[in-house]
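Novice:
In the working numbering, the protein residues as written are 16 to 323.
(1) Nearest to residue 254 by alpha carbon, out of 265, 246, 238 and 243?
(2) Which one of 106, 241, 122 and 117 has the shortest CA to CA distance from residue 86?
(3) Does the distance from the C-beta atom of residue 13 to that of residue 240 stay below 8 Å?
(4) Label residue 226 either buried or exposed according to how many other C-beta atoms from any shown protein chain fall within 10 Å of its C-beta, with 16 as the threshold for buried.
(5) Shortest alpha-carbon distance to residue 193 belongs to which of 185, 204 and 105?
(6) Under the DSSP definition of a beta bridge, which residues are partnered with residue 84?
(7) Within the same chain, show all residues whose beta-carbon is closer than 6 Å to that of residue 188, passing over the 5 residues directly before and after it, in chain order.
(8) Quick one: give me the first and last residue of the alpha helix (DSSP H) that residue 305 is part of.
(9) Within the same chain, show all residues whose beta-carbon is closer than 7 Å to that of residue 163, passing over the 5 residues directly before and after it, in chain order.
(10) Within its chain, find whatever has a CB closer than 8 Å to the CB of residue 245; leave out the 5 residues flanking it on each side and keep chain order.
(11) So, helix, strand or coil for residue 186, using DSSP?
(12) At which residue ranges does the stretch 184 to 221 contain complete alpha helix (DSSP H) runs of 4 or more residues, listed in the order of the chain?
(13) Would you list the one or two residues that DSSP bridges to residue 89?
(14) Check residue 150 in the structure and name its three-state DSSP category.
(15) Thinking C-alpha only, which one of 232, 207 and 161 is nearest residue 301?
(16) Return the first residue and the last residue of the alpha helix (DSSP H) that residue 269 is part of.
(17) Residue range of the alpha helix (DSSP H) that residue 225 falls in?
(18) Which residue comes first and which comes last in the alpha helix (DSSP H) that contains residue 253?
(19) Excluding the 5 residues preceding and the 5 following residue 178 in the sequence, name in chain order all residues of the same chain whose CB lies nearer than 6 Å to its CB.
(20) Out of curiosity, what's the CA-to-CA distance linking residue 249 and residue 263?
(21) Using a 10 Å radius around the Cβ and a threshold of 16 neighbouring Cβ atoms, would you call residue 96 buried or exposed?
(22) So what's residue 96 in DSSP terms, helix, strand or just coil?
(23) If I follow the unbroken alpha helix (DSSP H) through residue 175, where does it start and stop?
(24) So, at 6 Å on beta carbons, what are the nonlocal neighbours of residue 157 in its own chain, with the 5 sequence-adjacent residues on each side left out?
(25) Find the nearest neighbour of residue 82 within the set 101, 89, 115 and 99, judged by alpha-carbon distance.
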């Protein structure tokens, strides 16, 4: 039987067999509170569950890979017998496999986070190409997430939705600032160039495996509920849901901010415009949810809306 004290080192202690009693439970709580940033509370709960079964044993193995401490594998059982040598070896082998899997997950997540950081910086650079769109993509992402949460999306869906919203205008990377900042009406060729950015953005992202799920959202964020959008003229629920969400967030940010060809809409008029476009530009269900969010305009400028 091995004793456990609150001063034990998280990275080195292999508790091959310890009897769980009141003192051990307290020590374990201190041990994990210090080493795992708060996990001690949950572990204490597990240990107390075992105590209610009139005692128990545990095995704890640190999880590490390439010198990096990842956590601990803790096995608790209520039978009144310790582990034999073969079982201890099995626990150690399991811990090694878990550590390798965790390291793989963390490495993949870190690589993706680094890549997202690069793309986020790229998107900010694109937004910054025009003084009128600085911070636009981040704001669109924030609004899109609020809508996604109201739709009770799972965490992974929300993560991908945020990435799609941040990168929705990545296809503008090759558009000249003279077009982006033009104060008047675009010429037909300029307008056609602008209309290509959703498809260009999709082509940029579709070669990246982890971003494959967001490609349809980037490609379709300028489609309209009534089928009058681009690039494919999709209508209704044929438009991917994430694209429909981004469309609402995108237009809201655009009309509540100044542009080279107009001032920002006054808040009440902007809200009225969004509601008018439910069933035209936007999924009407999303507009009902959008209205419930109670978002505020970024600008107090007042200007009359053009007819819908």
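Glycine included, every Cβ here is placed at the ideal spot set by N, Cα and C. What you are looking at is a predicted structure, and each value in this text was computed from that prediction instead of being measured.
Specialist: With the given structure in hand:
(1) 238
(2) 117
(3) Only positions 16 to 323 of the chain appear in this structure, which leaves residue 13 out of reach.
(4) buried
(5) 204
(6) 79
(7) When the five nearest sequence neighbours on each side are left out, the beta carbons in the same chain lying within less than 6 Å of the beta carbon of residue 188 are those of 141, in order along the chain.
(8) 299 to 308
(9) Hits under 7 Å: 172, 173, 176 and 260.
(10) 210, 213, 237 and 238
(11) helix
(12) Along the length of the stretch 184 to 221, whole alpha helix (DSSP H) runs at least 4 residues long occupy 192 to 195, 203 to 210 and 212 to 220, reported in chain order.
(13) 75
(14) Three-state DSSP puts residue 150 in coil, outside helix and strand.
(15) 161
(16) 256 to 270
(17) Looking at the DSSP string, residue 225 is not in any alpha helix (DSSP H), and its letter there is neither H nor E.
(18) Careful: residue 253 lies outside any alpha helix (DSSP H) and carries neither H nor E.
(19) 229
(20) 16 Å
(21) exposed
(22) coil
(23) 170 to 181
(24) none
(25) 115
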